[in-house]
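Asker:
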Amino acid sequence: MKYQVFCAALLIATAQAAHAQSPNESTPASTAASFASQFYGVDASVVDVTITKQDLYTATATTKAPGQAVCSLELAVVPDGAKTNWALGSWACDKQPAS
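Here the sequence shown stands for residues -20 to -1, 1 to 79, numbered as in mature numbering (1 follows the signal peptide of the UniProt record, and there is no 0).
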């Protein structure tokens, strides 16, 4: 069973999540890993990201980290001039950590 986490703070945090990257160099996977690492409280290097769907303007990613719930993220391309190419649109996580 999944619960939805829609939060304006997460959308505002897009710039913070991509702050360590150069402008226009983010990918759906790197953006998902950055958000997930902050959410899980772990280093991004231990977050396993799988892109399950991607087209020109949207992407769906699944994130996993040891001892944490599996999450699904919907990402969308942001306009030129932003500090990142991808923004978080929605976030859904399992209630139980992955086994």
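Every residue, glycine too, gets a C-beta built ideally from N, C-alpha and C.
Quick one: is T11 buried, meaning 16 or more other Cβ sit within 10 Å of its Cβ, or exposed?
Answerer: Locating residue 11 in the sequence shown gives position 31, where the first residue counts as 1. Buried is the call here.
Asker: On the CB-based measure, 16 or more other CB atoms within 10 Å of its CB, does P8 come out buried or exposed?
Answerer: Here residue 8 refers to the residue found at position 28 of the sequence shown. P8 is buried by the Cβ-count criterion.
Asker: Which term fits V(-16), buried or exposed, when burial requires 16 or more other beta carbons within 10 angstroms of its beta carbon?
Answerer: Here residue -16 refers to the residue found at position 5 when the sequence shown is read from its first residue. Residue confidence is low: V(-16) scores 40 on pLDDT, short of 50, so the model does not pin down where it sits. Its coordinate-derived value is still stated next. By the 10 Å Cβ count, V(-16) comes out exposed.
Asker: Look at the alpha carbon of D74 and the alpha carbon of T43, and state the distance between them as a whole number of angstroms.
Answerer: The residue labelled residue 74 in the question sits at position 94 within the sequence shown. The residue labelled residue 43 in the question sits at position 63 within the sequence shown. Computed Cα separation, rounded: 11 Å.
Asker: Provide the residue span of the alpha helix (DSSP H) that contains Q76, from first to last.
Answerer: The residue you call residue 76 lines up with position 96 of the sequence shown. Not the alpha helix (DSSP H): Q76 falls in the beta strand (DSSP E), residues 66 to 77.
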